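Undergrad: Below you will find the structure I want to go over with you.
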Amino acid sequence: MGRGSGVIKFRSPVKDNPATDDGGGPSTHGFADTWAATIWPTGFVSMSLRETQLHLLNTTQRLVAALTDPTQTAQLGRSVGEELVDAHFTNPEALELSLSLIASRLLKDFAPQLRHINNAELRSRLGLLLGAIAAGFSTALRDVTFSEQEQIRRAGLLARETTERDLRGSEARFRAVFAGAAIGIAIADISGNILHFNPAMEQILGDSSEAHLFSSVAQFVDLDDAPELWSQYQRLVNGEQEQVQSEKRYVRPDGSVVWADMVISLVRDDNGHPRYLVVLVEDVSERRRLQTTLHHQALHDPLTGLPNRTLFFDRLRRLCNQHDSTKRIGLCYLDLDRFKAVNDSLGHHVGDKLLVELAERLARCTADAGHIVARMGGDEFVVLVEDCEGTRQLKLLAEQLLEALAAPFEIADHQLTVSASIGLVEHQAAGADPAELLKAADITLYWAKSEGNGGWALHESERRGRQVARYELSAAMPRALAHGEFLVEYQPLVRLRDSVTIGTEALVRWNHPVLGRLGPQHFIDLAEETGQIVPLGRWVFEQSCAQAALWSAEFGAQAPFVSINLAVRQLRDPGIVAELISIAQAYDVAPQQLQLELTESEIMGPSDEALERLRTLADAGFVIAIDDFGTGYSNLAYLRRLPVQALKLASSFVTGLQQDPNGDRVGEEIMKTLIHLSHILGLHVTAEGIETDEQARQLRDLGCDNGQGWLFAKPGPPETITEMLRPKT
Ligand code: C2E
Ligand code: MG
Ligand code: MG
Numbered sequence: 031m032g033r034g035s036g037v038i039k040f041r042s043p044v045k046d047n048p049a050t051d052d053g054g055g056p057s058t059h060g061f062a063d064t065w066a067a068t069i070w071p072t073g074f075v076s077m078s079l080r081e082t083q084l085h086l087l088n089t090t091q092r093l094v095a096a097l098t099d100p101t102q103t104a105q106l107g108r109s110v111g112e113e114l115v116d117a118h119f120t121n122p123e124a125l126e127l128s129l130s131l132i133a134s135r136l137l138k139d140f141a142p143q144l145r146h147i148n149n150a151e152l153r154s155r156l157g158l159l160l161g162a163i164a165a166g167f168s169t170a171l172r173d174v175t176f177s178e179q180e181q182i183r184r185a186g187l188l189a190r191e192t193t194e195r196d197l198r199g200s201e202a203r204f205r206a207v208f209a210g211a212a213i214g215i216a217i218a219d220i221s222g223n224i225l226h227f228n229p230a231m232e233q234i235l236g237d238s239s240e241a242h243l244f245s246s247v248a249q250f251v252d253l254d255d256a257p258e259l260w261s262q263y264q265r266l267v268n269g270e271q272e273q274v275q276s277e278k279r280y281v282r283p284d285g286s287v288v289w290a291d292m293v294i295s296l297v298r299d300d301n302g303h304p305r306y307l308v309v310l311v312e313d314v315s316e317r318r319r320l321q322t323t324l325h326h327q328a329l330h331d332p333l334t335g336l337p338n339r340t341l342f343f344d345r346l347r348r349l350c351n352q353h354d355s356t357k358r359i360g361l362c363y364l365d366l367d368r369f370k371a372v373n374d375s376l377g378h379h380v381g382d383k384l385l386v387e388l389a390e391r392l393a394r395c396t397a398d399a400g401h402i403v404a405r406m407g408g409d410e411f412v413v414l415v416e417d418c419e420g421t422r423q424l425k426l427l428a429e430q431l432l433e434a435l436a437a438p439f440e441i442a443d444h445q446l447t448v449s450a451s452i453g454l455v456e457h458q459a460a461g462a463d464p465a466e467l468l469k470a471a472d473i474t475l476y477w478a479k480s481e482g483n484g485g486w487a488l489h490e491s492e493r494r495g496r497q498v499a500r501y502e503l504s505a506a507m508p509r510a511l512a513h514g515e516f517l518v519e520y521q522p523l524v525r526l527r528d529s530v531t532i533g534t535e536a537l538v539r540w541n542h543p544v545l546g547r548l549g550p551q552h553f554i555d556l557a558e559e560t561g562q563i564v565p566l567g568r569w570v571f572e573q574s575c576a577q578a579a580l581w582s583a584e585f586g587a588q589a590p591f592v593s594i595n596l597a598v599r600q601l602r603d604p605g606i607v608a609e610l611i612s613i614a615q616a617y618d619v620a621p622q623q624l625q626l627e628l629t630e631s632e633i634m635g636p637s638d639e640a641l642e643r644l645r646t647l648a649d650a651g652f653v654i655a656i657d658d659f660g661t662g663y664s665n666l667a668y669l670r671r672l673p674v675q676a677l678k679l680a681s682s683f684v685t686g687l688q689q690d691p692n693g694d695r696v697g698e699e700i701m702k703t704l705i706h707l708s709h710i711l712g713l714h715v716t717a718e719g720i721e722t723d724e725q726a727r728q729l730r731d732l733g734c735d736n737g738q739g740w741l742f743a744k745p746g747p748p749e750t751i752t753e754m755l756r757p758k759t
């Protein structure tokens, strides 16, 4: 309890000086100060002690007035009690102390002012005053308490109202979001039982009837296609994870498919315990469709719709990366024959339509077996056989593909018959190099083409090996030339009339350090392809000039001319004319001593410039001869327009001279006509490949001028010719 119990002692901070005045005098001050010091510690008053003393000064005066005027006693007393409460001395202890102080000291301290009132009357008035103070205090205190309670109640009410309004507001907002969201929302308890769905969710999942809607969050997770997702979901439910996210495919009740971006989040209560699950589902079907379309476009040929090169390589690479060494793969590389002609003559739109229909036929042909057909570009297609059973299967497939293309295509009122060539490659899948496989298929396609259109060829590594060897030969040629690995042999050209050697043909050979002696059939074509024929031909020409000069020096007018083979490629070089002339001059050989042989097919094709160069050479005095006449177009009339002086008939004519068992002499007749016509055109005729006396005699009888062949001599070192020419002693 408070200090109100027991003996009450009044402290007096202000000097206790019994006052004799009646208004603010020392007695009033003394009383007010004591009073203030007594009650001040009991309350939580906003006034300081000093302010309290001043406040009670006035109150004290009213106390004295209350005793003095009996009509005012009750009213002033009540007002003093009320004042105490107003000044926040609401603690009952303050009242008790105040009453004690007044009862014990008031009459004494203010005795001088109250002198005129008798003692009994004073005591009676004091009693009344004390009662009035107590009554005023308690009434005021009750009022204050009531009003404070009311305020508290009102504040409480207001607070509740605000909270409820806020709650209603946030709930309304939540409802609006829940109902109007484009994203599907489901709220579930922690066991996964769904409590609420929003309309978007119903729309996304495709049915508003409750029966079809998911009843559990687990149905969103669907453990079949993503076991990892399922275990994440378990962790979420156990409170070990806050969120699970995945792109999922859902099948609606009507069978349509929706792709959704799904997020499941855990909601905890205030204590952090898992309470709810919230599922958000966004329909991403459209985005996915777009992605799929783009993906498809990137991997397919826009014209035919077939897989493109990228997709094909992708698939092939995957097959090559597997480890199963028993698995084999096959490639059918197909290319239309003369497709360019279709495009050029009928236009690209017809060409395009042809490709589309062709693609359809190819796809149909391979659909059952499940092979992939890809368009590699232009008119090139490839069929990928994933589990190849062997070359037999590939050959059969190639036949089927060719057959599928055999029936004419009906395109824009045109009936188009096409053929194609196919290169086949069969290989172990594991560890194969996709680029190498395709290169092999491409080379094999080339073989198929070169063997005639409309067929297929199977890749052989041996054949490839030969090609690699060819490649290596061509690479080695420049060094071989510099190292003197080439040499020239000479074969006599003999005048049939008297068997005199009037000329020799220079024939080049290659003494290869590893492969041994190589004839021109191994490297001349190659040298023409690579352009090496230009320096090689120049070297042969130079050797021939040197040899011609030697023979000239030894045999004078009887020296044989030297016939040198010239590839048309050499004629394409604008400097060729000046070069040949200057080399001949350098060796002091007259151009008339030199014959230049060009094959018939070569001379039919070249450009006007090349022909012009040939004319200039002829004008300079070189003898121009057509080599191997009869193996090409055999157009004698055309030769009239060329600066040609000699014709070398291919050895096939010589072989054809052979009389048939039934006495047929067609070969001889042809030869006779040819020689006759050549002579009319002013050409000297040399027959190649004479191997027997009989052939030599026949040709002489037919009027053929010269002959060349093993009968006279095989090609050999120049010394052999020199020996032959030297008069026998
Ligand atoms: P070609 O100009 O028609 O040369 C004649 C070929 O017939 C030579 O073959 C020769 O050895 C061969 N031959 C000669 N007599 C007979 C015979 O009685 N029977 C048979 N079966 N063959 C005979 P070779 O030396 O193998 O030359 C082949 C071809 O290489 C030449 O055909 C020529 O076109 C080309 N060639 C040779 N040397 C050169 C050269 O330096 N430059 C160019 N551009 N081509 C050359
Ligand atoms: Mg020749
Ligand atoms: Mg020849």
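If you read the sequence shown in our numbering, its first letter stands for residue 31, the second for the next number, and so on.
Where a beta carbon is used, it is the ideal one built from N, C-alpha and C, also for glycine.
Treat the numbers as computed from the prediction; the structure is a model and nothing was measured.
1. Which first and last residues belong to the alpha helix (DSSP H) in which L144 is found?
2. Are D657 and T685 touching if we call contact CB-CB under 9 Å?
3. Tell me the start and end of each unbroken beta strand (DSSP E) in the region 612-640 that is at least 3 residues and wholly inside, in chain order.
4. Please classify E112: is it buried, with 16 or more other beta-carbons within 10 angstroms of its beta-carbon, or exposed?
5. Taking the Cβ atom as the reference point for each residue, do A162 and V94 lie within a distance shorter than 9 Å?
6. For A743, which of helix, strand or coil comes out of DSSP?
7. With a 10 Å radius around its C-beta and 16 neighbouring C-beta atoms as the bar for buried, classify P757 as buried or exposed.
8. Quick one, which of G157, A170 and A597 has its alpha-carbon nearest R568's?
9. Do the region 328-340 and the region 392-410 touch if we need at least three Cβ pairs shorter than 8 Å?
10. Identify the continuous beta strand (DSSP E) that holds F411 and give its terminal residues.
11. Should N595 be listed as close to ligand 1, given that the test is whether its C-beta is under 8 Å from any heavy atom?
12. Can you pull every residue whose C-beta falls closer than 6 Å to some heavy atom of ligand 3, listed in chain order?
13. Report buried or exposed for K678, applying the criterion of at least 16 other Cβ atoms within 10 angstroms of its Cβ.
14. Taking the DSSP output, what are the residues bridged to T531?
15. Just the Cα atoms here: how many angstroms apart are F167 and D173?
16. For N88, report the span of its alpha helix (DSSP H) as first-last.
17. For ligand 1, is there any heavy atom lying closer than 8 Å to the beta carbon of W740?
18. When you compare the CB positions of M507 and L545, do they come within less than 9 Å of one another, or not?
19. Buried or exposed for R599, going by 16 or more other Cβ atoms inside 10 Å?
20. Taking only three categories from DSSP, how would you classify K357?
21. Which two residues bound the contiguous alpha helix (DSSP H) that contains N373?
22. Who are the Cβ neighbours of A241 in its own chain at under 7 Å, not counting the five residues just before and after it?
23. With a CB to CB cut of under 7 Å and the five nearest residues on each side skipped, what residues in its chain are close to P747?
24. Just grab the DSSP bridge partners of Q458 for me.
25. What's the C-alpha gap between Y501 and Q688?
26. Please report the straight-line C-alpha distance between N149 and T98, rounded to a whole angstrom.
27. Going residue by residue through the region 427-454, where are the continuous beta strand (DSSP E) segments of at least 3 residues, counting only ones entirely within it?
28. Let's test the definition: count the other Cβ atoms within 10 Å of the Cβ of P464 and tell me whether it reaches 16, buried, or not, exposed.
29. From L106 to A170, what distance separates their C-alpha atoms?
30. Taking the continuous beta strand (DSSP E) assigned at S295, which residues delimit it?
31. Between the region 318-329 and the region 425-436, can you find at least three pairs of beta-carbon atoms closer than 8 Å?
32. Report all residues from its chain with a CB closer than 6 Å to the CB of K278; omit the five preceding and five following residues, and keep chain order.
33. Can you look up D51 in the DSSP assignment and give me helix, strand or coil?
34. Please list the terminal residues of the continuous beta strand (DSSP E) segment that includes S486.
TA: On the basis of the supplied data:
1. Careful: L144 lies outside any alpha helix (DSSP H) and carries neither H nor E.
2. One thing to note: D657 has its Cβ no nearer than 9 Å to the Cβ of T685.
3. 624-629
4. buried
5. One thing to note: A162 has its Cβ no nearer than 9 Å to the Cβ of V94.
6. A743 falls in the coil class under three-state DSSP.
7. Residue environment for P757: exposed (fewer than 16 other C-beta atoms within 10 angstroms of its C-beta).
8. A597
9. yes
10. E410 to V415
11. The answer is yes for N595.
12. Residues flagged by the Cβ proximity filter: D657, D658, K678 and E718.
13. buried
14. For T531, which the question treats as bridged, DSSP gives the partners V524.
15. Annotation: F167 to D173 spans about 10 Å, alpha carbon to alpha carbon.
16. L79 to T98
17. yes
18. no
19. buried
20. coil
21. F369 to L376
22. Residue placement at A241 cannot be trusted, given a pLDDT of 49 that sits under 50; what the coordinates show is reported in the next sentence. Around A241: no qualifying Cβ.
23. E519
24. R358
25. 40 Å
26. Each residue's alpha carbon lies about 12 Å from the other.
27. The beta strand (DSSP E) runs of length 3 or more contained entirely in the region 427-454 are, from start to end of the chain, 439-441 and 444-446.
28. buried
29. If you draw a straight line from the Cα of L106 to the Cα of A170, it is about 14 Å long.
30. V287 to R298
31. no
32. Only A290 and M292 meet the Cβ criterion.
33. Only weak support exists for where D51 lies, its pLDDT of 48 falling under 50; the value from the coordinates is given anyway. Residue state, collapsed to three classes: coil.
34. It is Trp, not Ser, that sits at residue 486 in the sequence shown. W486 to L488 is the extent of the beta strand (DSSP E) around W486.
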